[in-house]
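Protein sequence lines correspond, in order, to chains W and L. Note that our numbering gives residue 360 to position 360 of the first sequence, counting from 1, and the numbers run on in steps of one. Note that our numbering gives residue 1039 to position 39 of the second sequence, counting from 1, and the numbers run on in steps of one.
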Amino acid sequence: MEWEAVIGLEVHAQLSTKSKIFSGAATAYGALPNTQACFIDLGMPGVLPVLNKEAVVMAARFGLAIGARVEKRSVFARKNYFYPDLPKGYQISQFEHPIVSQGKLDIIVDENTTKTIEIIRAHLEEDAGKSLHENFQGMSGIDLNRAGTPLLEIVSAPEMRSAKEAVAYLKTLHTLVRYLGICDGNMQEGSFRCDANVSVRPKGQEKLGTRTETKNVNSFRFVEKAINYEIERQIQVLESGGKIVQETRLYDADKNITRSMRAKEDANDYRYFPDPDLLPLVLSDEFIAAVKSQLPELPQEKAERFQTQYGLSAYDAMNLISDMALADYFETVAAGTAKHDQKTYAKLAANWIMGDLSAFLNKENKEIGQSPVSASQLQGLLNRIMDNTISGKIAKTVFETLWEAGGNADEIIKQKGLIQITDSTLINALIDEVIAVHPEQVAEYRSGKEKLFGFFVGQMMKKTQGKANPDEVNKLLKTKLNG
Amino acid sequence: MSVSPEDVRTVARLAQLAIAPEAVEDLQGKMNNILCLVEEMNRFDTKEVLPMAHSFELCQRLREDEITQEDVSLSAMKLAPCSEANLYLVPWVMPASDDKTRGE
């Protein structure tokens, strides 16, 4: 039987406010345990929560960016459950009336596939604390610094059909929240967490299968692996006559498996009710308009501009805009094109940034902001490729030197004598020398073994230490050999 | 609509209340009485009545995003029965072992 996976994602984005959602305690990461949990966060008697305006602005900004409805009236509710890192015995969240509903996000799955994913809702809520299960005198330790940190829970419709689509959605969302400046997106620190709801059904069937929820997977790679594992596991269970149990599962990255954590609660079990400590949140048209007027250029808009202004493909544009700093770097490089055709130059810049520069950055685990080669240094190098001073191959050598020792492309080219040989008289003379010492290969080539052409190009490059202009070599070599 | 003995036990578990088996029947009756009261309300037409989120006709006041609270851990720790390394200590909870009520 052919199966189809159905995937919906719930993302918890930690909002980048200075203080908590309902108290004036700090939200900074990495503080000494419990030093950032005030009496409101601790749920002490007699305290009252007061909503942080910035958290509301950030939620509204997100809603507007995904073309959603930013509700003029939303309501905070208590979600009741017991756990030691939830001091009040309930989490303040939104249930029936979230602040954001019905948005959408366009994702690019691969070079040929785009898809629009519906975002059902996004609601504000407070985070819980952390339980540390190391053995403290046979007990668990509780750090409540995180309790009360503002979260935006973003819930997609179950519209993704593969782990690849889910990752594309997640990356697009990750880019968006960072562009909007509402979340730092740090997955290791838990600022951007993902729960994946996965079910399978026979292809063509409309009714959804029973779903499981895999919680808190903290990297894109793990999300893909966890979902793929879960799809395979469910298919195996069903094909061997079993039933899927609605449950919460945890992904074990070391073993690349998901394992059962607990039976999934129904919403009823949380006994949601409107929080009597908090009045309904009412937003005026002016408030929403003011938030809208401050929206930055969105990733999608930037991607479209990169395509029209620089002539990049949709795929290249999406890759470059995935990180705002990378997009800025590209624009700085592409701006240095006064003497050259802008689109050719921009395409060359895009190729270098996504190719060699990204590879070097990845190898040394660096962000674009930490690149030893600045945008103007790369510009200097690209200018010399554009005016044929050096070939693309030699440029790689220059780039390596720029990366390791700094300086500028012109100095390196001069010092190392890397200027490209374009003089056809000189190239012709060198070709004559190559031909003279390889009479057998010349004869074989002329009798039809055309593959040997590459051999002669190689000999020419060896002779000139890669400095001969490849186009010129190809052209002149062909004339000589065929003549 | 009425609650079953199983419903009583479920609600007790969610509320972390220990209910003696012999108390279930009595509680079931009391909870059903509450539902009867709710049922009474169905006699009225509430189609035009908006659900109330709060008893006051006011809306939420917002505060500026400023850090106004200081570290209270010293005094808060004194209230805890047990603490170590600035952590509150609680009876050992295994992550996700037999816990059925943990949500997020």
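From the three backbone atoms N, C-alpha and C, an ideal C-beta is built for every residue, glycine too.
Per DSSP, which one or two residues make a beta bridge with residue i?
i: valine 100/W; result: Val70/W and Ala122/W
i: glutamate 10/W; result: Val155/W and Asp195/W
i: tryptophan 3/W; result: Pro202/W
i: asparagine 52/W; result: Arg1063/L
i: glutamine 91/W; result: Lys79/W
i: glutamate 1084/L; result: Leu1087/L
i: threonine 212/W; result: Val198/W
i: threonine 113/W; result: Asp110/W
i: alanine 468/W; result: Ile421/W
i: glycine 141/W; result: Leu132/W and Leu1089/L
i: threonine 494/W; result: Outside the modelled stretch of chain W, which goes from 1 to 483, sits residue 494/W, for which no answer is possible.
i: serine 19/W; result: Ala26/W
State buried or exposed for residue i, treating a residue as buried only when at least 16 other CB atoms are found within 10 Å of its CB.
i: alanine 346/W; result: buried
i: tryptophan 352/W; result: buried
i: glycine 1103/L; result: The predicted position of glycine 1103/L is uncertain, since its pLDDT is 41 and thus under 50; no value can be drawn from it.
i: lysine 302/W; result: buried
i: threonine 1046/L; result: exposed
i: asparagine 1033/L; result: exposed
i: glutamine 137/W; result: exposed
i: serine 485/W; result: Because residue 485/W is not part of the residues shown, which for chain W are 1 to 483, the question remains open.
i: serine 371/W; result: buried
i: threonine 258/W; result: buried
i: proline 486/W; result: Not covered by the structure: residue 486/W. The range shown for chain W is 1 to 483.
i: aspartate 127/W; result: buried
i: glycine 103/W; result: buried
i: valine 75/W; result: buried
i: glutamate 472/W; result: buried
i: serine 391/W; result: buried
i: leucine 357/W; result: buried
i: leucine 1074/L; result: exposed
i: glutamate 297/W; result: exposed
i: leucine 295/W; result: exposed
i: alanine 379/W; result: Note that residue 379/W is glutamine in the sequence shown, not alanine. The residue in question, glutamine 379/W, is buried, as its Cβ has 16 or more Cβ neighbours within 10 Å.
i: cysteine 1036/L; result: exposed
i: glutamate 1040/L; result: exposed
i: asparagine 34/W; result: buried
i: aspartate 110/W; result: exposed
i: threonine 149/W; result: buried
i: glycine 209/W; result: buried
i: threonine 425/W; result: exposed
i: proline 49/W; result: buried
In its own chain, which residues sit with a C-beta less than 7 Å from the C-beta of residue i, not counting the 5 before and 5 after it?
i: isoleucine 368/W; result: Asp323, Ala325, Leu326, Tyr329 and Leu361
i: arginine 211/W; result: Asn197, Val198, Ser199 and Gln246
i: serine 131/W; result: Pro84, Asp85, Ser140 and Ile142
i: threonine 1101/L; result: Reliability fails at threonine 1101/L, whose pLDDT of 40 lies under 50, so the model's placement of it is uncertain and the value that follows must be treated cautiously. Excluding sequence neighbours, threonine 1101/L sits near Leu1014.
i: lysine 171/W; result: Phe220 and Ser322
i: arginine 262/W; result: Glu247 and Thr248
i: lysine 366/W; result: none
i: histidine 133/W; result: Ser140
i: tyrosine 90/W; result: Arg78, Lys79 and Asn80
i: alanine 335/W; result: none
i: leucine 495/W; result: Missing from the structure shown is residue 495/W; chain W here goes from 1 to 483 and no further.
Mind reading off the beta-carbon distance from residue i to residue j? Whole number of angstroms is fine, and I expect it under 8 Å.
i: serine 156/W; j: isoleucine 99/W; result: No, serine 156/W and isoleucine 99/W are not in contact; Cβ-Cβ is about 17 Å, not under 8 Å.
i: valine 291/W; j: lysine 72/W; result: The Cβ separation is near 13 Å, so there is no contact.
i: arginine 121/W; j: serine 101/W; result: 5 Å
i: leucine 418/W; j: methionine 460/W; result: That pair is no contact at about 16 Å.
i: isoleucine 231/W; j: alanine 5/W; result: 5 Å
i: threonine 401/W; j: isoleucine 412/W; result: 5 Å
i: isoleucine 182/W; j: alanine 13/W; result: 7 Å
i: isoleucine 107/W; j: alanine 168/W; result: 4 Å
i: alanine 375/W; j: threonine 332/W; result: 4 Å
i: leucine 51/W; j: glutamine 1060/L; result: 5 Å
i: isoleucine 385/W; j: glycine 466/W; result: Incorrect: roughly 14 Å between the Cβ atoms, too far for contact.
Please return the same chain residues whose Cβ sits closer than 6 Å to the Cβ of residue i, not counting the five positions on each side in sequence.
i: methionine 1/W; result: Pro202
i: alanine 1096/L; result: Because the pLDDT at alanine 1096/L is just 45, under 50, the model does not fix this residue reliably, and the value given afterwards should be weighed accordingly. There are no such residues.
i: aspartate 1099/L; result: Bear in mind that a pLDDT of 42 at aspartate 1099/L, under 50, signals an unreliable position, so the model cannot answer this.
i: asparagine 218/W; result: Met187
Apart from the five residues on each side of it in sequence, which residues of its chain come closer than 8 Å, Cβ to Cβ, to residue i?
i: valine 442/W; result: Ile435 and Leu481
i: phenylalanine 287/W; result: Ala60
i: arginine 1063/L; result: none
| task | Give, in chain order, every unbroken run of the alpha helix (DSSP H) that is at least 4 residues long and sits entirely within the stretch 305-366 of chain W. | result | 314-321, 324-334, 342-352 and 358-363
| said: Going residue by residue through the stretch 380-413 of chain W, where are the continuous alpha helix (DSSP H) segments of at least 4 residues, counting only ones entirely within it? | reply: 392-405
| said: What ranges does the alpha helix (DSSP H) occupy inside the stretch 1012-1043 of chain L, keeping only unbroken runs of at least 4 residues that lie completely in it? | reply: 1024-1041
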